[in-house]
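**Q**
2 protein chains.
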Amino acid sequence: MAAHTPTNRLDKKPPPKRQVFAGTFVHSKSLTELEILHDTCVYVDEDGVIVKITTACGKGKDDVMASMGELGWDTKEVECVVFDARSDEGVGESFFFPGFVDTHIHAPQYPNSGIFGSSTLLDWLNTYTFPLEASLSSRSKAHAIYSRVIQRTLSHGTTTAAYFATIHVDSTNLLADLCLQYGQRALVGRCCMDSSSGANPDYYRDEDAAQSLERTKQCIEHCEQIDPTRELITAILTPRFAPSCTRELLGSLGKLAVDRKLPIQTHISENRSEVAWVGDLFSECGSYAAVYDKYGCLTPDTILAHAVHISEDEARLIRERGSGIAHCPVSNSALASGVARVRWMLDRGLRVGLGTDVSGGFSASVLVAAREASCVSRCVAAGMGGPSSEGRGEERDALSVEEVLYLATRGGAEVVGMEERIGGFEVGKQWDAQLVGFGRPLMRRNEGGEWEDDVEGGVEGVGVGVGPVDIFGWENWEERIAKWVFNGDDRNTVKVWVKGRLVHQRK
Amino acid sequence: MAAHTPTNRLDKKPPPKRQVFAGTFVHSKSLTELEILHDTCVYVDEDGVIVKITTACGKGKDDVMASMGELGWDTKEVECVVFDARSDEGVGESFFFPGFVDTHIHAPQYPNSGIFGSSTLLDWLNTYTFPLEASLSSRSKAHAIYSRVIQRTLSHGTTTAAYFATIHVDSTNLLADLCLQYGQRALVGRCCMDSSSGANPDYYRDEDAAQSLERTKQCIEHCEQIDPTRELITAILTPRFAPSCTRELLGSLGKLAVDRKLPIQTHISENRSEVAWVGDLFSECGSYAAVYDKYGCLTPDTILAHAVHISEDEARLIRERGSGIAHCPVSNSALASGVARVRWMLDRGLRVGLGTDVSGGFSASVLVAAREASCVSRCVAAGMGGPSSEGRGEERDALSVEEVLYLATRGGAEVVGMEERIGGFEVGKQWDAQLVGFGRPLMRRNEGGEWEDDVEGGVEGVGVGVGPVDIFGWENWEERIAKWVFNGDDRNTVKVWVKGRLVHQRK
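If you read the sequences in order, they're chains A and B.
With positions in the first sequence counted from 1, the corresponding number in this note's numbering is that position plus 31.
With positions in the second sequence counted from 1, the corresponding number in this note's numbering is that position plus 31.
#1: Ordered along the chain, which non-local residues of its own chain (more than five positions away) have a Cβ less than 6 Å from that of Ser202/A?
#2: Nearest chain A C-beta to Arg476/B closer than 8 Å, yes or no?
#3: Using a C-beta cutoff of 8 Å, does Gly417/A count as contacting chain B?
#4: For His337/A, write down the residues that DSSP places opposite it in a beta bridge.
#5: Taking all protein chains shown into account, do 16 or more other C-beta atoms lie within 10 angstroms of the C-beta of Glu351/B, making it buried, or fewer, making it exposed?
#6: So which of Glu279/B, Val432/B, Phe393/B has the shortest CA-CA distance to Asp239/B?
#7: Using only the alpha-carbon positions, how far apart do Gln25/B and His187/B sit?
#8: Less than 6 Å between C-beta atoms, sequence neighbours within five positions excluded: which residues of the same chain meet that for Asp311/A?
#9: Is the Cβ of Ser364/B closer than 8 Å to any Cβ of chain A?
#10: Output yes if chain B places a C-beta closer than 8 Å to the C-beta of Cys316/A; else output no.
#11: Kindly indicate if chain B contains any beta-carbon less than 8 Å away from that of Pro162/A.
#12: For Thr197/B, which option in Tyr213/B, Arg409/B, Tyr177/B, Thr191/B has the closest C-alpha, if you only look at C-alpha atoms?
#13: Give a yes or no on whether the C-beta atoms belonging to Leu348/B and Pro294/B are separated by under 8 Å.
#14: Strictly below 7 Å CB to CB, what residues from chain D border Phe503/B?
#15: Could you tell me which of Leu398/B, Arg271/B, Lys83/B, Val373/B sits nearest to Val132/B, measuring between CA atoms?
#16: Could you tell me whether the segment 461 to 469 of chain A touches the segment 144 to 156 of chain A, using the rule of 3 or more Cβ pairs below 8 Å?
#17: Give the C-beta separation of Gly130/A and Val411/A to the nearest angstrom, bearing in mind that I take them to be a contact with Cβ-Cβ under 8 Å.
#18: Give every residue of the same chain whose Cβ lies closer than 6 Å to the Cβ of Glu403/B, excluding the five residues on either side of it in the sequence, and list them in chain order.
#19: Check whether the Cβ atoms of Ile299/A and His135/A lie closer than 8 Å to each other.
#20: Please decide whether Asn518/B counts as near chain A, where near means a Cβ-Cβ distance under 8 Å.
#21: Grouping DSSP H, G and I as helix and E and B as strand, with all else coil, what is Phe469/A?
#22: Would Trp482/A pass as an interface residue toward chain B - the criterion being a Cβ-Cβ separation below 8 Å?
#23: Identify the residues that DSSP records as bridge partners of Leu131/B: which are they?
#24: Pull up the distance between the alpha-carbon of Asp520/A and that of Gly498/A, whole angstroms please.
#25: Output, in chain order, the set of chain A residues within a Cβ distance shorter than 7 Å of Phe473/B.
#26: Please return the same chain residues whose Cβ sits closer than 7 Å to the Cβ of Val534/A, not counting the five positions on each side in sequence.
#27: Taking all protein chains shown into account, do 16 or more other C-beta atoms lie within 10 angstroms of the C-beta of Thr440/A, making it buried, or fewer, making it exposed?
#28: Are the beta-carbon atoms belonging to Cys222/A and Phe195/A less than 8 Å from one another?
#29: Under the rule that 16 or more other beta-carbon atoms within 10 Å means buried, what is Glu434/A, buried or exposed?
#30: Can you tell me which of Ser368/B, Asp428/B, Ala367/B, Gly327/B puts its alpha carbon nearest to the alpha carbon of Met376/B?
#31: Along chain A, which residues have their Cβ under 7 Å away from the Cβ of Arg409/B?
#32: Just grab the DSSP bridge partners of Gln50/A for me.
#33: Anyone know if the C-beta pair for Pro270/A and Cys328/A falls short of 8 Å?
#34: Taking Cβ to Cβ, would you say Gly442/B is nearer than 8 Å to Arg382/B?
#35: One question on the structure: do Val525/A and Leu466/A come within less than 8 Å of each other, judged by their Cβ atoms?
#36: Could you please give me the residues that DSSP links to Pro270/B through a beta bridge?
Below you can see the structure in the form of structure tokens.
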């Protein structure tokens with residue numbers, strides 16, 4: 032197939048501009064604490080980098096403009112984006128929040144979202160997943176699916192995604208092109224799967240380690256060609272999971288990671304049958320984590336998806352190597368893989384982010400993953416962590432709203448090795464952000480201080496209809512944010528920016 | 032306070048009309064099987080009752096009209112509602128589905144949806160719930176909240192709801208009025224809570240059994256006045272939960288249920304501390320279920336919410352009495368109550384429906400409850416059913432899409448004692464239904480039989496934007512329905528009818 036010519040290369044983007052964002056900003060101060068900054072301005076330069084943050088900067092455009100003096104910016108050349116409850120943009124109550132990081136998503140599986148029957152991992156792969164992935168040899172199919180998954184994840188506020196693609200070079204390169212075109216920050220990995228041990232179907236695998244490596248290099252070249260400095264797009268080495276790969280391939284990828292300074296992503300310990308199988312296939316290694324370690328695939332830039340059933344020893348090894356965990360709660364529930372013990376991981380010093388794991392996970396939304404992370408952590412707290420928890424559960428196993436939002440942003444940024452660039456609002460970080468809007472509150476205080484019914488007409492007649500979250504008017508900001516986490520959806524994600532560029536806007 | 036005058040009594044509704052609905056119909060044939068009927072017409076008379084169903088009746092309005100002869104209906108007086116993929120209503124692919132039954136929802140708690148922190152049942156009641164419920168002594172607040180919860184639940188396709196209100200007579204009667212006005216089928220219960228044992232706060236309880244009973248009777252009178260034949264509105268006796276009630280009150284309510292032929296709703300065995308507490312408070316009874324049974328509150332028309340930790344003996348007793356279970360998976364997860372074993376209940380012959388349990392449950396959508404019922408059943412299957420499951424889990428513990436949709440419709444109808452009237456599409460049943468729409472598929476087959484990219488523009492530019500579910504075009508109907516269950520929301524619920532009356536329409 033002919034090489035793909037990107038239709039919207041970085042160098043064809045509209046000329047960069049300076050921007051000021053004003054309103055309420057919310058981000059993680061620590062794992063357990065959100066910082067909520069009102070009447071704040073964030074100044075973003077022409078490279079999409081935050082250069083100044085001022086609090087108590089006033090609420091009108093004039094106040095904002097006036098405070099621009101010391102930056103030496105010509106106010107005529109600056110775009111000013113002000114959102115607060117009094118702005119008339121139809122957004123109502125709103126706040127800026129860091130873009131979400133999806134640390135684990137299979138782009139080609141997106142059309143199967145919600146389709147998994149009563150299968151578990153290994154039969155799910157053969158029944159639903161491999162046939163669909165194999166069909167992405169079709170460029171037109173890949174184009175439709177990849178365009179859609181990028182549009183949808185952006186609409187959910189995902190500004191960075193670590194994508195598994197398929198084994199196909201051309202389709203994988205197309206995914207990288209489309210991420211660049213739509214402006215999503217992405218790690219793009221061609222699936223490496225060369226084993227003939229039964230893990231991979233004959234109709235869908237690399238022939239051998241040499242071919243797998245060669246194809247992988249073609250994808251790396253492509254990414255480095257379209258985005259040489261890895262501004263948005265980074266190639267990522269992607270051994271599917273241990274049973275899919277020969278020892279030769281794993282070793283080659285481990286070496287390549289060092290030679291080319293590339294991250295790695297794979298799966299670990301998702302399902303008990305899989306864990307037992309790995310034990311058989313790699314009996315010399317002692318544990319699942321030890322397999323990856325033996326072949327140089329457990330690095331500080333490795334993303335390990337799932338880790339539901341890892342042992343104390345494995346946790347220690349992963350901690351020592353500095354690899355990160357992609358916690359995929361929706362997928363773990365859907366495929367009956369089990370309940371990952373996130374508090375247990377955090378206690379052991381592991382870095383943890385969230386993954387949607389489409390389509391083992393049925394939702395492409397990191398907000399939904401955060402919600403489910405909270406729910407399943409409460410099952411662990413109730414003593415339902417399964418045999419590996421030995422029937423124990425403690426109140427502190429429950430993850431708070433603050434904690435799941437940390438995992439969705441800063442935690443994810445750490446896992447994909449970008450914690451210096453994204454995940455929060457600080458000078459020097461890039462402007463990867465979403466504007467979250469609630470609409471108008473449903474009630475108001477009357478002159479006597481009583482809450483007064485402000486409801487008219489049907490559902491659509493109430494508020495400005497931006498989404499599924501009802502704000503009555505008396506909630507504090509912590510409560511508003513909790514409402515967003517548990518009932519919000521893409522309707523609340525009003526605008527999304529990556530590196531200063533507006534990449535999604537709710538219509 | 033003056034008695035409320037309903038603004039839209041049944042007798043003020045627009046004159047009844049005959050209707051024909053045509054398109055694809057999906058409903059439960061059995062617990063494990065959905066029936067999918069294409070090119071089908073359902074004829075609904077002026078009382079909102081299905082009088083005829085014809086399959087293979089053609090797709091155009093003319094075909095439908097022509098088939099009306101044998102009913103003796105004058106076609107000029109019949110409204111014809113046709114939806115199929117080719118109709119130009121902007122709905123795209125669509126199907127009719129029975130309205131959902133929410134077997135357990137606390138209407139006054141709706142504003143707290145998503146607000147529960149890291150609390151569990153007993154502290155959640157004191158911290159979040161009682162203060163909000165107590166504030167519904169304000170009629171204007173009750174009006175706003177109750178209007179909103181009815182609008183929202185209708186928008187989620189809930190055609191029947193079993194509501195807990197508050198202790199306030201006036202607000203409870205207002206809820207009944209509003210259900211009637213908006214046209215939602217409802218069981219409306221004033222909360223009975225007279226105990227001074229510490230379960231109820233002093234600022235929010237009935238003074239004694241006599242007062243509780245007297246207030247309850249006022250609510251029963253009101254419901255019987257506004258809807259004497261219980262066409263839509265039924266009063267339901269609502270002892271909050273055993274710890275809230277004196278033995279005298281429980282006994283009086285049990286007797287009243289018989290005297291007035293009234294259903295009962297309450298909670299059972301939601302949380303381990305609660306179970307232990309009931310054991311202390313009612314040590315003479317032997318079990319939580321036995322408390323309700325001793326005082327005549329375990330009837331064939333009793334709805335028991337949660338039942339997470341019930342024993343074999345309790346299951347047997349509940350089965351013998353014929354009471355139903357409201358399974359509330361979202362709430363059980365959110366409040367870390369545990370994972371209810373639905374397969375275990377079904378195996379024991381218990382009737383089970385779904386409850387949103389707002390606001391212990393954070394979502395007012397029965398579709399979300401169905402989704403979470405599926406997810407938590409897979410945790411049970413993975414051996415995470417907690418100590419009471421003794422670490423065992425079996426594949427068959429997982430609930431299928433078909434099963435959770437049964438629970439959401441026919442199962443719920445059984446639990447609220449309305450299985451003869453609602454829950455599926457049969458002649459003699461009432462037309463309680465929702466039209467579910469997906470929009471236009473994203474891809475199409477070209478002349479060569481290949482799937483072709485049909486994607487243009489951004490997310491909003493693709494399909495007709497009716498909702499969060501992407502149909503690519505190759506999915507079969509079972510797969511489309513699974514996609515709806517796992518990713519659908521109120522945007523897919525295009526229209527909703529109760530007893531033949533259009534009560535919600537997506538705008």
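We put the beta carbon where it would ideally sit given N, CA and C, even for glycine.
**A** Well, looking at it:
#1: Leu167, Ala173
#2: no
#3: Low confidence applies to Gly417/A: its pLDDT is 49, below 50, so where it sits in the model is not reliable enough to give any reading.
#4: Ile299/A
#5: exposed
#6: Glu279/B
#7: Residue 25/B lies beyond the range of chain B shown here (32 to 538); nothing can be said about it.
#8: none
#9: yes
#10: no
#11: no
#12: Tyr177/B
#13: no
#14: Chain labels in this structure do not include chain D; the protein chains are A and B.
#15: Leu398/B
#16: no
#17: Actually they are not in contact, since the Cβ atoms of Gly130/A and Val411/A sit about 28 Å apart, beyond 8 Å.
#18: Pro360, Val361
#19: no
#20: yes
#21: strand
#22: yes
#23: Looking at the sequence shown, residue 131/B is not Leu but Phe. DSSP, once it has assigned bridges, lists Thr189/B as partnering Phe131/B.
#24: 7 Å
#25: Reading off the sequence, residue 473/B comes out as Leu, not Phe. Near Leu473/B (Cβ distances below 7 Å), the residues of chain A are Ala175, Arg179.
#26: Leu185, Tyr213, Gly214, Gln215, Val527, Trp528
#27: buried
#28: yes
#29: buried
#30: Asp428/B
#31: Ser364, Ala365, Ala367
#32: Val75/A, Glu110/A
#33: yes
#34: yes
#35: yes
#36: Cys223/B
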